[in-house]
Amino acid sequence: MMKLILVFAGGGLGSVCRYGVAVLVSKYPALAWSFPVATFLANAVSCIILGSLFGLSSRSMLNESQRLLLMTGFCGGFSTFSTFTGESLGLLQDGQLLTWSVYLFLSIVICLGCFWLGLRLTIQ
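Below you can see the structure in the form of structure tokens.
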């Protein structure tokens, strides 16, 4: 039961942080264009965090409870693959092929790079 509580707590905190990113981005009109900036930022930051936690975990610096709370819970709540998928489909349906292509490419490349960066920062 404790494992479920840890995932639940981390997921709740991650979701609140994800909402905070959306609110913060919405306060800057220059960022309010057709590219889904808030989702992109949340996913990139989540990948840095997850990569760092993965690196710590691989060096036995996180116990199971910390992994469940932070990796499964927080990063799972903070990252937004379902939103990414929905926004990608919306861009396609709106005929914004260039924006869709850039969003898809950057999301994959930047998030992979962010994960690698987080990992490198913790296993040096």
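Under my numbering, the residue at position 100 of the sequence shown is numbered 320, and the numbers go up by one with no gaps. Ideal placement from N, C-alpha and C gives every residue a C-beta, glycine not left out. None of these values were measured; they are calculated from a predicted model.
Sequence-distant residues of its chain with Cβ nearer than 7 Å to K223 (five each side left out): L288
Can you check which of these residues, L226, S254 and V236, is closest to L318 by C-alpha distance? S254
Burial state of G284 (16 or more Cβ within 10 Å): Residue identity differs from the one stated: residue 284 is Glu in this sequence, not Gly. That one is exposed.
Kindly indicate which three-state DSSP category K247 falls into: helix, strand or coil? coil
Could you check if P249 is buried or exposed, using at least 16 other CB atoms within 10 Å of its CB as the buried criterion? exposed
Rounded C-beta distance between G230 and T300? I'm assuming under 8 Å. Not a contact, Cβ separation roughly 15 Å.
Closest residue to C295 among A258, V265, L337 and L244 (Cα-Cα distance): V265
Beta-carbon spacing of I343, S277 below 8 Å: no
Report the start-end ranges of each beta strand (DSSP E) in the stretch 256-300 that is 3 residues or longer and not cut off at the edges. none
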